[in-house]
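First the structure, in the form of structure tokens, and then the observations on it.
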Amino acid sequence: MSTPAGERTRGSLAAVFFDVRVLRVLGQVVAILALVTLALYLQDNYQANTRDRSGQSGWGFLDEPTGFNIAYADFRSTQPVRDAIWVGVRNTAASAAVGIALATAIGVTVGVLRLSHSWVARKAATLYVEVLRNVPVLLVILFTGAWLQTLPRSTEAYELGGLIEISNRELVFFGTTLNIPYVALTAALALYHGSHIAEIVRGSIQAVPLGQTEAATALGLSDLQRLRFVLLPQAFRIGLPPTINQFLSLTKNTSLGIAVAYSDVSSLGFRLIGARSPALQTIIVLMIVYLVFSLTISLVFNLLNRRLQLVER
Amino acid sequence: MIRRTQLRTLAFLTVFASLLVTAACSDDDDSSNGGGDDSGSEESSSGGGGVLDEVVDRDTLNCGVNNSVPGFGFQTEEGTYEGFDIDYCKAVAAAVLGDAEKVEYLALTPEQRLPALESGEIDMLSRNTTWVSSRDGAGGGAFVTTTFYDGQAMMVPTASGVTSIDGLADATVCLTAGTTTEQNLADRMADIPHTPQTFEENPQVQEAFLAGQCDAWTSDQSQLAGIRSSWPADQGGPEALTILDEIFSKEPLGPAVRDGDSEWYDIVNWVVLATIEAEELGVTSENIDEMLESEDPEVRRFLGQPVEGEDGEAVVEHGFGVGPEFTVDVIRAVGNYGEIYDRNVGPGSPLGLDRTGTANALWTDGGLHYSPPFR
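If you read the protein sequences in the order shown, they are chains S and U. Taking my numbering, the leading residue of the first sequence gets 5, the next gets one more, and so forth. Taking my numbering, the leading residue of the second sequence gets 6, the next gets one more, and so forth.
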């Protein structure tokens with residue numbers, strides 16, 4: 005004689021607890037209590053341990069003088085820590101922005117080349133993608149760093165009429181000076197994420213319904229016109245979300261800048277910790293920085309995405 | 006059926022909830038810092054936290070060391086450890102266990118070294134660690150007498166002709182991140198324009214230096230000496246590099262023990278002081294047997310030998326858990342300070358650091374090494 009769940013089988017108070025609905029609510033209450041207890045415990049543990057140790061458990065460290073210099077920045081060691089972090093943010097943004105632009109350019113070009121009629125172009129593009137995609141990004145960064153080290157020493161720099169100067173410390177093009185750490189990091193990120201974006205582009209083009217390609221050909225469009233007017237616009241819609249992912253990934257990978265002595269925000273964070281800023285708070289600041297970067301990039305490109313989405317009937 | 010699962014769920018929730026309540030209401034008592042007395046007896050004579058007893062029971066000394074700094078803490082291809090700091094581990098093992106080889110070496114990174122000491126994973130830290138106030142205090146360590154007075158220095162290619170830090174205007178100075186090196190550099194070169202390049206590790210700095218991306222390399226003098234000593238021959242060998250004379254920071258290096266066990270602290274401290282006193286008294290690992298027969302009361306007291314007094318013969322009783330002849334064990338095992346220095350970092354060694362006229366000389370020679378009396 006089974007009773008449907010939810011119906012009281014007895015009229016006593018005890019029976020209340022056998023009600024599935026009550027149990028569900030009780031379960032959720034207990035879960036919330038568990039989370040709150042965990043959070044309180046962690047907070048308390050942190051407070052107790054930082055009291056025992058450095059005595060620095062606040063945000064005052066942001067006003068303390070940094071104590072060291074930062075290369076290639078207009079920065080004095082007496083400036084407060086928050087200024088140092090700001091230099092890091094600017095450096096990260098500079099590398100990420102240019103990296104994203106270059107990676108997209110490389111990605112679209114190589115992705116399209118992978119579908120080329122020319123066997124050589126196809127194979128070359130495939131080689132590029134397969135090599136760069138399957139190697140950890142840190143190794144790519146170290147590789148570009150090492151390769152740039154083979155450029156001539158600054159005392160023997162290659163010069164072209166005072167407009168171009170190439171050495172293993174900096175590159176000067178028509179008045180703009182790029183320091184080698186920046187070039188190494190940005191180039192590596194562009195190459196690495198370019199290979200991923202190439203794959204996304206190739207996949208999105210191939211995902212455009214075959215009928216579109218056939219119709220375009222039937223209409224007499226040349227390959228380039230077909231690509232430009234029919235395939236790419238539609239592929240763009242398909243490929244944008246994963247590409248946004250690559251942008252976010254690239255921004256976060258700038259944190260490997262210390263491998264080539266680039267002063268991105270993470271590298272500066274580690275150096276600040278070495279100079280006795282409190283570790284936990286510094287890392288929290290870094291996380292907030294990356295969160296803001298990521299959310300901004302997502303927001304901007306998702307707005308773009310929404311505007312381009314096909315309105316289904 | 007339904008009733009049984011409901012019953013089980015209810016029981017589980019009740020138990021879980023009561024555990025939560027107990028956890029939330031219990032005393033949050035902070036882990037006591039120091040006083041590692043989780044095992045071992047409490048019978049030590051002077052404010053002991055039992056480290057001596059643990060070490061004796063275990064019959065091994067756990068020593069936290071470096072494995073990649075030539076001259077100080079270095080692991081050879083065969084796997085043996087050698088260096089200045091290693092010798093002090095051996096000295097303590099000789100004093101406490103009678104055998105300098107009864108040491109378990111644990112190679113640690115800068116981030117691991119103090120936590121390992123605090124947690125009891127190691128009994129002493131002998132890893133070219135600078136004695137600073139925050140490490141003594143919040144860091145949970147207690148530094149014994151300084152064994153090596155180091156400081157930050159600058160290394161340049163000999164071919165550059167630079168002889169002083171003031172000659173490094175507009176230079177690119179390379180260093181590794183993570184310690185106070187950057188700050189000391191900024192302080193010293195505050196009025197000299199320069200470009201600091203911060204790398205993660207020494208091998209990367211070496212690559213950059215070889216490629217000509219760096220005009221100078223700054224780090225502790227002991228580290229620079231070690232790097233210079235193993236500079237590849239095809240790059241010119243050690244002669245291709247010059248370490249400038251100027252030392253621009255204070256980096257007193259020495260062993261450290263855990264806070265809270267003053268008996269153990271005394272033992273390690275007086276082992277270090279024994280090496281210094283031995284050099285002052287002229288006791289070496291070669292002449293120790295003759296010195297045991299010496300008539301000089303100071304030497305006899307130092308070596309724990311009976312001395313004629315007014316009321317008959319007396320032997321020094323230190324009272325920190327090791328017998329009066331511990332000094333003999335130490336000197337037999339590793340020699341006096343001068344021998345330890347010369348063997349590992351002295352002019353005859355690859356590092357080639359001359360201690361004449363520096364802080365590392367004995368106080369009688371104008372340096373800072375001075376031992377209180379053994380009596």
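Even glycine gets a Cβ: it sits at the ideal position worked out from N, Cα and C.
Shown here, Ile170 of chain U sits in a helix according to DSSP, grouped into three states.
At a cut-off of 8 Å between beta carbons, Ala182 of chain U contacts chain S. 8 Å or more divides the Cβ of Leu254 of chain S from the Cβ of Gly149 of chain S. One alpha carbon belongs to Asp239 of chain U, the other to Gln210 of chain S, and they sit about 54 Å apart.
Interface residue (Cβ-Cβ distance to chain U less than 8 Å): Phe305 of chain S is not classified as such.
Pro201 of chain U has a beta carbon lying within less than 8 Å of a beta carbon in chain S. Restricting attention to alpha helix (DSSP H) runs no shorter than 4 residues, the stretch 207-254 of chain S encloses them at 214-222, ordered along the chain. Using a Cβ-Cβ cut-off of 8 Å, Phe253 of chain U does not count as an interface residue toward chain S, since no Cβ of chain S sits closer than that to its own. Scanning the stretch 146-186 of chain S from its first residue to its last, the whole beta strand (DSSP E) runs of 3-plus residues come out as 162-164, 168-170, 174-177, 180-183. Below the 7 Å Cβ cutoff, chain S contributes no neighbours of Leu130 of chain U, its closest Cβ being approximately 17 Å away. Lys107 of chain U and Asp64 of chain U have their C-alpha atoms some 7 Å from each other.
Annotation for Phe214 of chain U: no beta strand (DSSP E) segment contains it, though the alpha helix (DSSP H) segment containing it runs 207-216. At a cut-off of 8 Å between C-beta atoms, Arg360 of chain U does not count as an interface residue with respect to chain S.
Counting every other CB atom within 10 Å of its CB across the protein chains shown gives Ile36 of chain S a total below 16, marking it as exposed.
Annotation for Thr286 of chain S: Gly273, Leu276, Ile277 place their beta carbon closer than 6 Å to its own, counting only its chain and skipping 5 residues before and after.
Membership of Tyr110 of chain U in the beta strand (DSSP E) is indicated by the continuous run 108-112. Within the stretch 60-85 of chain U, complete alpha helix (DSSP H) segments of at least 4 residues are not found at all. By the neighbour-count criterion, in which 16 or more other beta carbons inside 10 Å mark a residue as buried, Trp136 of chain U falls on the buried side. Under the Cβ distance rule, Gln32 of chain S does not count among the residues neighbouring chain U, no pair being separated by less than 8 Å.
If you check the CB distance, Ile204 of chain S and Thr154 of chain S do not come in under 8 Å. A straight line joining the alpha-carbon of Val91 of chain S with that of Tyr76 of chain S spans about 10 Å. At least one C-beta of chain S is nearer than 8 Å to the C-beta of Thr185 of chain U. Collapsing the DSSP output to three states places Ala283 of chain U in a helix.
Closest in alpha carbon position to Glu251 of chain U, among U:Gly259, U:Glu244, U:Gln226, U:Ala245, is U:Gln226. Contact of Gly217 of chain U with chain S by beta-carbon distance below 9 Å involves Gln153, Pro156, Arg157, Ser158, Thr159, Glu160, Ser171, Asn172, Arg173. By DSSP's assignment, His199 of chain U forms a beta bridge with U:Ala176. The beta carbons of Ala100 of chain U and Val70 of chain U sit no closer together than 8 Å.
Using a 10 angstroms sphere on the CB of Lys127 of chain S, the tally of other CB atoms stays under 16, which defines it as exposed. Using beta-carbon distances, Ser81 of chain S counts as an interface residue toward chain U, with a partner under 8 Å. Contact between the stretch 257-272 of chain S and the stretch 189-196 of chain S is established, with three or more Cβ pairs separated by less than 8 Å. Taking a Cβ-Cβ threshold of 7 Å, the residues of chain S close to Gln188 of chain U are Gly71, Phe72, Ala279, in chain order. When rounded, the separation of the alpha-carbon atoms in Ala221 of chain U and Asp78 of chain S is 22 Å. Between Ala174 of chain U and Ala195 of chain U, the alpha-carbon positions lie close to 11 Å from each other. DSSP lists U:Thr247 as the bridge partner or partners of Val161 of chain U.
By the Cβ neighbour-count rule, Arg80 of chain S is exposed, with fewer than 16 other Cβ atoms within 10 Å of its own. Among the bridge pairs identified by DSSP, Val288 of chain U is matched with none.
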